[in-house]
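Residue numbers (our numbering): 894 to 1115.
Have a look at this one:
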């Protein structure tokens, strides 16, 4: 029961995070154009979309850690992890901020450094769940249960490729209303395809969520 609740709620949040990572990243430039903001901020906003996905994942997994800290060793171990995260950021951030690479340098580098720290926190949280609380599971089995179905994950990746290609076509165009609608239409088509595929492939996930929320409703009535 705890495994189902933990992995299902995390998966629900990850679906939202994947929308930011694989779809929203290629629409930041259009949004900034509509808001009449400098296009230089597009890369930073795209990086922050990826960071938001990691932030959502960490929020669910780390909440489980805090809810299950039972002794001093658990608290001490978590403190060491947070010190390690701070150390990684302290070492990596200055290097990335001063780097001139357009993909991970400058302000984008600051976001990337935060991503690395967030990834470490997620890794520890999943390890903690598998080794300290949900001992019937391994790290790999937990990841398999909380990540979207492989076919849906592949659809997310292909959608990123398609929307990135669409973004490149948009950048090479006159950037008029027709070009914007074409680019947005590509993203909408990808989103509809992902929703349809997930509805078909994630039947067990839907049943688990219904069971979780139905159980919560019954407890409130009692």
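The beta carbon of each residue, even a glycine, is placed where N, CA and C say it ideally should be.
Original post:
From residue 976 to residue 1070, what does the alpha carbon distance come to, in whole angstroms?
Top reply: Our two residues, residue 976 and residue 1070, have alpha carbons roughly 49 angstroms apart in a direct line.
**OP:** Taking residue 1075 as the reference, give the member of 1058, 1088, 1005 with the closest Cα.
**Re:** When the alpha-carbon of residue 1075 is set against those of 1058, 1088, 1005, the nearest one is in 1058.
Original post:
In whole angstroms, what separates the C-alpha of residue 960 from that of residue 1023?
Top reply: Roughly 15 angstroms separates the two Cα atoms.
**OP:** Report yes if the CB atom of residue 1005 is closer than 8 angstroms to the CB atom of residue 989, and no otherwise.
**Re:** Cβ atoms of residue 1005 and residue 989: closer than 8 angstroms.
Original post:
To which residues of the same chain is residue 943 closer than 6 angstroms at the C-beta, ignoring the five residues directly before and after it?
Top reply: Setting aside the 5 residues that flank it on each side, residue 943 is surrounded in the same chain by 914, each with a C-beta closer than 6 angstroms to its C-beta; the list follows chain order.
**OP:** Go to residue 967, then tell me how far its alpha helix (DSSP H) extends in each direction, as first and last residue.
**Re:** Residues 965-991.
Subject >> Beta-carbon separation (whole angstroms), residue 950 vs residue 910, contact threshold 8 angstroms >> reply: Indeed they touch by this definition, with Cβ atoms about 6 angstroms apart.
Original post:
Are the region 1099-1106 and the region 1072-1089 touching, with three or more C-beta to C-beta distances below 8 angstroms?
Top reply: As far as the Cβ criterion goes, the region 1099-1106 does not touch the region 1072-1089, which means the pair count is below three.
Original post:
Around the C-beta of residue 1096, are 16 or more other C-beta atoms found within 10 angstroms, so that it is buried, or is it exposed?
Top reply: That one is exposed.
Original post:
How about residue 1000 and residue 953: are their beta carbons less than 8 angstroms apart?
Top reply: Cβ distance not < 8 angstroms, so residue 1000 and residue 953 don't count as in contact.
**OP:** Under the assumption that residue 1090 contacts residue 1045 (Cβ atoms under 8 angstroms), give the Cβ distance between them as a whole number of angstroms.
**Re:** Correct: roughly 6 angstroms between the Cβ atoms.
Original post:
In terms of residues, what are the limits of the alpha helix (DSSP H) holding residue 1008?
Top reply: Note, residue 1008: alpha helix (DSSP H), 1000-1021.
Original post:
When the distance is taken between beta carbons, is residue 957 closer than 8 angstroms to residue 1052?
Top reply: Contact flag unset, no.
Subject >> Rounded C-alpha distance that separates residue 967 from residue 978 >> reply: Roughly 17 angstroms between the two C-alpha positions.
Original post:
Going along the chain, which residues of its own chain have a beta-carbon closer than 6 angstroms to the beta-carbon of residue 1026, five neighbours each way excluded?
Top reply: Only 961 meet the Cβ criterion.
Original post:
Taking C-beta to C-beta, are residue 916 and residue 1065 nearer than 8 angstroms?
Top reply: Contact flag unset, no.
Original post:
So what does DSSP say about residue 1100, is it helix, strand or coil?
Top reply: Residue 1100: helix per DSSP, three-state reduction.
**OP:** Would you tell me roughly how many angstroms separate the C-alpha atoms of residue 896 and residue 991, rounded to the nearest one?
**Re:** Roughly 43 angstroms separates the two Cα atoms.
**OP:** Pull up the CB-CB distance for residue 981 and residue 1013, whole angstroms please, since I reckon it's below 8 angstroms.
**Re:** Yes, they are in contact, since the Cβ atoms of residue 981 and residue 1013 sit about 7 angstroms apart, within 8 angstroms.
Original post:
Would you say residue 947 and residue 1040 are within 8 angstroms of each other, going by their C-beta atoms?
Top reply: No, the pair does not count as a contact, with Cβ atoms beyond the cut-off.
Subject >> Where the alpha helix (DSSP H) containing residue 953 begins and where it ends >> reply: Note, residue 953: alpha helix (DSSP H), 935-960.
**OP:** Count the other CB atoms, across all protein chains shown, that sit within 10 Å of the CB of residue 1035; report buried if there are 16 or more and exposed otherwise.
**Re:** Buried: at least 16 other Cβ atoms inside 10 Å.
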